[in-house]
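Since the structure comes first, as structure tokens, the remarks are kept for the end.
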Amino acid sequence: MTKEALEDCRQKLREINEQEEKLSSFQRKAHRLAEETFYEIQSIVKKNAETNEPLQLARQELGKLEAGFLEEITYEKRKLTRQRQDYENLYRKLKLQLDDE
Numbered sequence: 001m002t003k004e005a006l007e008d009c010r011q012k013l014r015e016i017n018e019q020e021e022k023l024s025s026f027q028r029k030a031h032r033l034a035e036e037t038f039y040e041i042q043s044i045v046k047k048n049a050e051t052n053e054p055l056q057l058a059r060q061e062l063g064k065l066e067a068g069f070l071e072e073i074t075y076e077k078r079k080l081t082r083q084r085q086d087y088e089n090l091y092r093k094l095k096l097q098l099d100d101e
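With the UniProt record's numbering as the guide, the letters of the sequence shown map in order to residues 1 to 101.
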């Protein structure tokens, strides 16, 4: 039973690693997309606007969106960190039990 539980913990830890990698990748892609979007808006505004006000508004709104997104990513990463700690603690406990047998 304990060996199976240890393997389950290992599997959960691998899954958490994968989820963390996906979140980091998603975060990088979202940041790149925000930058690309801003530069596209910037080129359009420079061609068509009489002032920089639309560009400043776009920058502010993109900043708000990115900050909200980053907040969500950070929240999810914290959840994964807590899960990782729980599984690592459980793993150590099970490992000690197995060693005592």
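Glycine residues also receive a C-beta, built at the ideal position from the N, C-alpha and C atoms.
Proximity below 8 angstroms, CB of residue i to CB of residue j
{"i": "A5", "j": "L96", "result": "no"}
{"i": "I73", "j": "Q42", "result": "no"}
{"i": "L23", "j": "K79", "result": "no"}
{"i": "E61", "j": "A34", "result": "no"}
{"i": "K3", "j": "Y87", "result": "no"}
{"i": "I16", "j": "Q83", "result": "yes"}
Residue i, DSSP secondary structure in three states
{"i": "E35", "result": "helix"}
{"i": "E50", "result": "coil"}
Contacts around residue i, its chain only, beta-carbon distance under 8 angstroms, and the 5 residues preceding and following it disregarded
{"i": "N52", "result": "V45"}
{"i": "Y39", "result": "none"}
{"i": "K47", "result": "none"}
Own chain residues within Cβ distance below 6 angstroms of residue i, not counting five before or after
{"i": "Y91", "result": "C9"}
{"i": "F69", "result": "A30"}
{"i": "P54", "result": "V45"}
Cβ neighbours of residue i in the same chain (closer than 7 angstroms, five flanking residues each side left out)
{"i": "Q19", "result": "L80"}
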